[in-house]
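Counting in the numbering used here, the sequence shown tops out at residue 329, every number present. Note sheet for the following structure.
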Amino acid sequence: MLLAHSCTDILGLSSLSYLSSSNYLLWKLHTETWLSSQILLGHVTGGSPHPSPTIEVRTGNEVSEAPNPNLVKWIRDDQKIMALFFDTLSEEALRSVYGLQTAQEVWFSLAKKYNRISVSMKCDLQCRLQSVSKQGKKLAEYLSDVKLICDQLDSIGCHVPENEKIFGVLNGLGQEYESIIAVIENAMDSEPGLSFEDVEINLTNFDEKIQAYAANNTVSPHLAFSTGRGYTNRGRGQGRSGYSRGRGSYSTRGRGFHQQISQDSSSENNTRPTCQICHKYGHSAYKFYKRFDHAYQPEDYTNALAAIRTSDGTLQS
13 MLLAHSCTDI
23 LGLSSLSYLS
33 SSNYLLWKLH
43 TETWLSSQIL
53 LGHVTGGSPH
63 PSPTIEVRTG
73 NEVSEAPNPN
83 LVKWIRDDQK
93 IMALFFDTLS
103 EEALRSVYGL
113 QTAQEVWFSL
123 AKKYNRISVS
133 MKCDLQCRLQ
143 SVSKQGKKLA
153 EYLSDVKLIC
163 DQLDSIGCHV
173 PENEKIFGVL
183 NGLGQEYESI
193 IAVIENAMDS
203 EPGLSFEDVE
213 INLTNFDEKI
223 QAYAANNTVS
233 PHLAFSTGRG
243 YTNRGRGQGR
253 SGYSRGRGSY
263 STRGRGFHQQ
273 ISQDSSSENN
283 TRPTCQICHK
293 YGHSAYKFYK
303 RFDHAYQPED
313 YTNALAAIRT
323 SDGTLQS
């Protein structure tokens, strides 16, 4: 094998990868390019057939046979190609061409074995690129899957244009990415167009904003309501919470209000206002629907009247 490697170094093909079932088309492209540059492609395509061992030589009226001088050169070139093949075949591929005598025989044998596999793989990978989805994956994992499919297509000689890579990524994104998808699609019509790396950066930045927004909105509904409406605790000792809205404000500090919530009550109840008329949670005295119903008399009538006066005075101030 060391001799074979030195052969490919001399031929300038030391970077040619080993042939396997996953990269036949790429191997074929590289090999054809080199053979064409050396005017040797005819050896494998049939354009330079095996010359006859002898040629006719006329001497006056006599015709005789002589060794064909082109045969030696042809055999030398053919063996050079065979050495190239053997140095770039995997062990599995070498077994499949064992006993073959010419470069053309090896070439067609490899094509018969691997071309069908590569075409099938190409169709499968192209379908996967069109149907790949981010669902259930993180964005980085999804982008990695798309790039892997494109790399596999490249490895079998099927280059994926930038636009196809980009559309493959965009097609698999969810509805939460619709705004950035529209921006990217519009930018693709500009000159110069976006590269896959540009799209990857834009999507990553957008995804980070989505994650940050989601993290900032993971509070419970009643806490979000309290935060948004300016609900603050302003009591002293057993005083109740304060509630502000617009220019008016309501507070239960002082005034001798009867407190319904003990200091060991749950934190959830402490975040909710208490009506000083009916003594129920969820609303304040000035929002009690029977506030002006004189027929309604709570148990603590004195405190109820005080609550009404306090509430009205606060709203009018």
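Even glycine gets a Cβ: it sits at the ideal position worked out from N, Cα and C. Just so we're clear, the structure is a prediction, and the values are computed from it rather than from any experiment.
Check whether residue i and residue j have beta carbons under 8 Å apart
i: Leu-137; j: Gln-116; result: no
i: Glu-77; j: Val-69; result: yes
i: Lys-344; j: Leu-185; result: There is simply no residue 344 to check, as the chain begins at 13 and stops at 329 in what is shown.
i: Glu-212; j: Leu-122; result: no
i: Leu-6; j: Leu-151; result: Outside the displayed span of the chain (13 to 329) sits residue 6, for which this structure offers no information.
i: His-55; j: Asp-89; result: yes
i: Phe-218; j: Ile-192; result: yes
i: Val-195; j: Val-181; result: no
i: Lys-330; j: Ser-102; result: The structure shown does not extend to residue 330, since the chain spans only 13 to 329, so no value can be given for it.
i: Met-94; j: Val-118; result: yes
Span separating the alpha-carbon of residue i from that of residue j
i: Tyr-30; j: Ser-130; result: 15 Å
i: Thr-66; j: Thr-43; result: 31 Å
i: Leu-41; j: Pro-81; result: 32 Å
i: Asp-99; j: Leu-106; result: 9 Å
i: Ser-202; j: Arg-128; result: 40 Å
i: Ser-32; j: Thr-57; result: 21 Å
i: Glu-188; j: Leu-160; result: 24 Å
i: Leu-47; j: Asn-35; result: 18 Å
i: Ser-64; j: Gln-113; result: 16 Å
i: Thr-244; j: Pro-285; result: Note that Thr-244 scores 41 on pLDDT, short of 50, meaning its location in the model is unreliable and no value can be drawn from it.
i: Ser-277; j: Ile-222; result: Reliability fails at Ser-277, whose pLDDT of 46 lies under 50, so the model's placement of it is uncertain and no value is given.
i: Ile-87; j: Phe-120; result: 18 Å
i: Arg-257; j: Ala-226; result: Its pLDDT being 40, under 50, Arg-257 is placed unreliably in this model, and the value from its coordinates should be taken loosely. About 27 Å.
i: Ser-167; j: Asn-229; result: 45 Å
i: Gly-247; j: Cys-287; result: Because the pLDDT at Gly-247 is just 40, under 50, the model does not fix this residue reliably, and the point stays unresolved.
i: Glu-220; j: Pro-204; result: 26 Å
i: Glu-104; j: Lys-149; result: 36 Å
i: Gly-294; j: Glu-153; result: 46 Å
First and last residue of the uninterrupted beta strand (DSSP E) at residue i
i: Ile-67; result: 66 to 71
i: Pro-81; result: Looking at the DSSP string, Pro-81 is not in any beta strand (DSSP E); the run it does join, the alpha helix (DSSP H), is 81 to 99.
Closest by C-alpha distance to residue i, when choosing among the options
i: His-171; options: Leu-37, Ser-33, Ser-32; result: Leu-37
i: Ile-51; options: Val-75, Pro-79, Lys-92; result: Lys-92
i: Phe-97; options: Pro-79, Trp-39, Asn-183, Ser-49; result: Trp-39
Interface flag, residue i vs chain B, CB-CB below 8 Å
i: Pro-65; result: In the structure shown, chain B cannot be found, because there is only a single protein chain.
Residue range of the alpha helix (DSSP H) that includes residue i
i: Glu-188; result: Looking at the DSSP string, Glu-188 is not in any alpha helix (DSSP H), and its letter there is neither H nor E.
i: Gly-54; result: 54 to 57
i: Ser-121; result: 115 to 143
i: Thr-216; result: 208 to 228
i: Ile-178; result: 174 to 183
i: Ile-161; result: 151 to 167
i: Glu-203; result: Segment: none, Glu-203 is in no alpha helix (DSSP H) and carries neither H nor E.
i: Tyr-36; result: 36 to 49
i: Leu-106; result: 103 to 108
Are the segment 132 to 148 and the segment 170 to 186 touching, with three or more C-beta to C-beta distances below 8 Å? yes
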